[in-house]
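The opening position of the sequence shown corresponds to residue 10 in this note's numbering, with each subsequent residue numbered one higher.
The C-beta atom is built at its ideal place from N, Cα and C for all residues, glycine as well.
Just so you know, these numbers come straight off a predicted model, no measurement behind them.
Working notes, beginning with the structure itself.
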Amino acid sequence: MSQAAHPQITFDDFERVDIRVGTVLKAEPFPEARKPAYKLTVDFGPEIGVRKSSAQITKHYTLDELHGRKVAAVVNFPPRQIGPIMSEVLCLGFPDADGGVVLVGVDRDVPNGGKLF
10 MSQAAHPQIT FDDFERVDIR VGTVLKAEPF PEARKPAYKL TVDFGPEIGV RKSSAQITKH
70 YTLDELHGRK VAAVVNFPPR QIGPIMSEVL CLGFPDADGG VVLVGVDRDV PNGGKLF
C-alpha cells in the first residue's frame, strides 16, 4: 500500500499544519459511522482545549485501551460533520499492510498541546 511521495513543499507550508499532542479523555462507539469508527474526546491542553474527533481505528484499538493514550492530531483543519458529530481534529495514523490505521504516538511523556516541529 505504498504511495509515491507528493511534490516538495516549503518549510512555511509545513509550519501552517498545526499538529499537536493530546490525551484521549473518552472513547465511545460510533455506530452511525459509514465505516467502523470511534468518537474520541481529546485534551490538547489549555491553549487548544478539548476537541472531538471521529477515528477509524477499530481494527487495532479497543475503547478501553484508548482512554489515557497520547495521540497526534491536526488541530487547525475546519470542523467537519461526520454523521451526528462535528469532528474538530484529525487524529493521525499510518496504514498497516491491510489498511487498518495504526495511530501516531509519542514514546515519552510530553505535555498536552505540544506542537510537532
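Bridge partners for residue i per DSSP, in chain order?
i	result
residue 68	The partner list for residue 68 (beta bridge, DSSP) is empty, contrary to what the question assumes.
residue 50	35 and 61
residue 110	104
residue 82	29 and 100
residue 90	95
residue 124	29
Less than 8 Å between the beta carbons of residue i and residue j, yes or no?
i	j	result
residue 69	residue 113	no
residue 83	residue 18	no
residue 77	residue 51	no
residue 34	residue 62	no
residue 64	residue 81	no
Between the alpha carbons of residue i and residue j, how many angstroms are there, rounded?
i	j	result
residue 73	residue 116	20 Å
residue 91	residue 42	7 Å
residue 124	residue 22	15 Å
residue 67	residue 44	10 Å
residue 93	residue 102	23 Å
Are there 16 or more other CB atoms within 10 angstroms of the CB of residue i, so buried, or fewer, so exposed?
i	result
residue 37	exposed
Would you mind working out which of the options sits nearest residue i, comparing C-alpha positions?
i	options	result
residue 49	109, 107, 96 and 122	96
residue 24	105, 104 and 85	85
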